[in-house]
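Undergrad: Residue 203 in full-length UniProt numbering sits at position 203 of the sequence shown, and the numbers go up by one each step. Note that beta-carbon positions come from the ideal geometry of N, C-alpha and C, so glycine has one too. A quick note: this is a predicted structure, and the numbers were derived from the prediction, not measured. Dumping the structure here so I can ask a few things about it.
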Amino acid sequence: MEVVILPDPAAIASLAADAVGALLAGRPTAVLGLATGSSPVAIYDELAARYAAGTLSFAAARAFTLDEYVGLPADHPETYRNVIDAVFVSRVDFAPGAVQGPDGLAADIPAACAAYEAAIADAGGVDLQILGIGTDGHIGFNEPGSSLASRTRIKTLARQTRIDNARFFDDDIDAVPTHCLTQGLATIMDARHVVLVAIGENKAEAVEHLVEGPVSARWPATILQHHRHVTVLLDEDAAHRLQLADYYREAYRGKPKWQGI
Ligand code: GLP
Numbered sequence: 001m002e003v004v005i006l007p008d009p010a011a012i013a014s015l016a017a018d019a020v021g022a023l024l025a026g027r028p029t030a031v032l033g034l035a036t037g038s039s040p041v042a043i044y045d046e047l048a049a050r051y052a053a054g055t056l057s058f059a060a061a062r063a064f065t066l067d068e069y070v071g072l073p074a075d076h077p078e079t080y081r082n083v084i085d086a087v088f089v090s091r092v093d094f095a096p097g098a099v100q101g102p103d104g105l106a107a108d109i110p111a112a113c114a115a116y117e118a119a120i121a122d123a124g125g126v127d128l129q130i131l132g133i134g135t136d137g138h139i140g141f142n143e144p145g146s147s148l149a150s151r152t153r154i155k156t157l158a159r160q161t162r163i164d165n166a167r168f169f170d171d172d173i174d175a176v177p178t179h180c181l182t183q184g185l186a187t188i189m190d191a192r193h194v195v196l197v198a199i200g201e202n203k204a205e206a207v208e209h210l211v212e213g214p215v216s217a218r219w220p221a222t223i224l225q226h227h228r229h230v231t232v233l234l235d236e237d238a239a240h241r242l243q244l245a246d247y248y249r250e251a252y253r254g255k256p257k258w259q260g261i
C-alpha cells in the first residue's frame, strides 16, 4: 500500500488523472472502475479537462460503477448511474453502453448481481479502480461486517451512511434508500490497481484504520492491505491520525521518477 499525502484535492486529482492517462495511453481499451461520492469529483473534473484539451480519450475504454441504491426511480437525480453520468461520463467520450452499473431496479436481484459480476469478468476485469471511503470505513457500500470474500450483492445501508448521504436528499434521512447493490470486497480486490482518495478531517479515523489498523470486517476498507497495488491519496486533514505519516512522505519524495503510482 502506497500512501501519498498531498496539499489539496487539486494535487490529488492531478496525480490520479496521470495514472488514468498512463493506463489509457498504454491500452486505450482499458477498463476503469468508477466510484461516486464527493471525494473523486476533482479527479473527474481533471479527467474531463484533459479530454476537453484533447490529451485524453475514453472512446475505446469501458467502465463499471461500484454500487447503486435499490428502488430509486431511473430518472431520480441521485441514482448513482445518474450521478456518475452527470459528474463524469457525459463530459467525456465513452461509447454508448461502455459504462455499466448494478441494476437497482432489477426484479431478480441475485440474478442481476451475478450478471454484473459476469459482465466485469467478460470485460477482462477492472484495470484501475477509483475508490472513496465512508466515514465508517466502507468501500463501495460494503458496510462494517461485510464478508471480506463478498461479491456483488444487496446490502442494508448503515444508519451512519444514510446520515452522511442525507445531504443529497434534502437532508431528509428517510428519503435515503435503505438498501443498495454493491460490488463486494472480493470484487473490488480483483481490480489490478486501486486508487483510493480521502479528503478531510471526517475521513481521518477511517483512514487510520485503513492504513495502520488490523485487517477486519469492522473496517471493511482494511482488506485493501492484502492487495498488491493500492495507492491511497490523502490530503493533510485525512492523513492527520497516521503515525507513520513522515515515513510515507519520505518514501514518496524519494521514489524513482519512472515508477508512477
Ligand atoms: C458512498 C459511496 C462510496 C463513497 C462514500 C464516501 O457511500 N457508496 O463509494 O466512497 O459514499 O462518499 P464521499 O466521497 O462523498 O465522502
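Check whether the Cβ of S216 sits closer than 6 Å to any heavy atom of the ligand ZN, and report yes or no.
TA: You won't find the ligand ZN in this model; what it holds is the ligand GLP.
Undergrad: On the three-state DSSP scale, how would you describe D174?
TA: If DSSP states are grouped into helix, strand and coil, D174 belongs with the helices.
Undergrad: So, using beta-carbon positions, are V195 and I130 closer together than 7 Å?
TA: Taking 7 Å as the Cβ cut-off, V195 and I130 qualify as a contacting pair.
Undergrad: Straight-line CA distance for P96 to L244?
TA: Going by the C-alpha atoms only, they are around 45 Å apart.
Undergrad: Helix, strand or coil for G26? Go by DSSP, reduced to three states.
TA: Looking at G26 - three-state DSSP - the assignment turns out to be helix.
Undergrad: Quick one: is T187 buried, meaning 16 or more other Cβ sit within 10 Å of its Cβ, or exposed?
TA: Buried is the call here.
Undergrad: Specify the secondary structure class of A118 as computed by DSSP and reduced to three states.
TA: Helix.
Undergrad: Quick one: is the Cβ of S38 within less than 6 Å of any heavy atom of the ligand GLP?
TA: Yes, the beta carbon of S38 sits closer than 6 Å to at least one heavy atom of the ligand GLP.
Undergrad: According to the neighbour-count rule (16 or more other Cβ atoms, all chains shown, within 10 Å of its Cβ), is W258 buried or exposed?
TA: With fewer than 16 other Cβ atoms within 10 Å, it is exposed.
Undergrad: Can you look up G21 in the DSSP assignment and give me helix, strand or coil?
TA: Helix, per DSSP.
Undergrad: Taking a contact to mean a Cβ-Cβ separation below 7 Å, would you say E201 touches D237 in this structure?
TA: In this structure, D237 lies closer than 7 Å to E201 by Cβ.
Undergrad: Consider the C-beta atom of residue 265 and the heavy atoms of the ligand GLP; say whether any pair is separated by less than 6 Å.
TA: Since the first residue of the chain shown is 1 and the last is 261, residue 265 is not available in this structure.
Undergrad: Please determine whether the Cβ atom of G71 lies at a distance below 6 Å from any heavy atom of the ligand GLP.
TA: Answer for G71: no, Cβ out of range of the ligand GLP.
Undergrad: For the ligand GLP, any of its heavy atoms closer than 6 Å to the Cβ of T187?
TA: Every heavy atom of the ligand GLP is 6 Å or more from the Cβ of T187, so no.
Undergrad: Roughly how many angstroms separate the alpha carbons of A198 and I133, rounded to a whole number?
TA: Straight-line Cα distance between these residues: approximately 6 Å.
Undergrad: Cα separation between A206 and P144?
TA: Those two C-alpha atoms are separated by around 11 Å.
Undergrad: I need the DSSP call for K155, collapsed to helix, strand or coil.
TA: Three-state DSSP puts K155 in a strand.
Undergrad: Taking the beta strand (DSSP E) that R62 belongs to, which residues open and close that run?
TA: Where R62 is concerned, the enclosing beta strand (DSSP E) stretches over R62 to T65.
Undergrad: Along the beta strand (DSSP E) that carries V31, what are the first and last residues, could you check?
TA: Note, V31: beta strand (DSSP E), V31 to L34.
Undergrad: From this set, E250, G213, L224 and H229, which residue's C-alpha is nearest R241's C-alpha?
TA: Among E250, G213, L224 and H229, the Cα nearest to that of R241 is on G213.
Undergrad: Cβ of G104 within 7 Å of Cβ of T152?
TA: Going by C-beta atoms, G104 is not nearer than 7 Å to T152.
Undergrad: With a threshold of 7 Å on Cβ separation, who are the neighbours of N165 within its own chain once the five nearest residues in sequence on each side are excluded?
TA: Excluding residues within five positions, the ones whose Cβ falls inside 7 Å are V176.
Undergrad: Kindly list the residues whose CB is nearer than 6 Å to the CB of I84, restricted to its own chain and excluding five residues on each side of it in sequence; keep chain order.
TA: Result list for I84: L34, T36 and T65, in chain order.
Undergrad: Are there any heavy atoms of the ligand GLP lying less than 6 Å away from the beta-carbon of T161, as far as the coordinates show?
TA: Correct: T161 has its Cβ closer than 6 Å to the ligand GLP.
Undergrad: Taking only the alpha-carbon atoms, compute the straight-line gap between P77 and F168 and give it to the nearest angstrom.
TA: Using only the alpha carbons, I get a separation of about 9 Å.
Undergrad: For the ligand GLP, is there a heavy atom less than 6 Å away from the beta-carbon of G134?
TA: Checking the Cβ of G134 against the ligand GLP gives yes.
Undergrad: Alpha carbon to alpha carbon, what distance is there between E117 and P110?
TA: When rounded, the distance between both Cα atoms is 11 Å.
Undergrad: By alpha-carbon positions, which one of I163, R91 and G260 ends up nearest to L47?
TA: It is R91.
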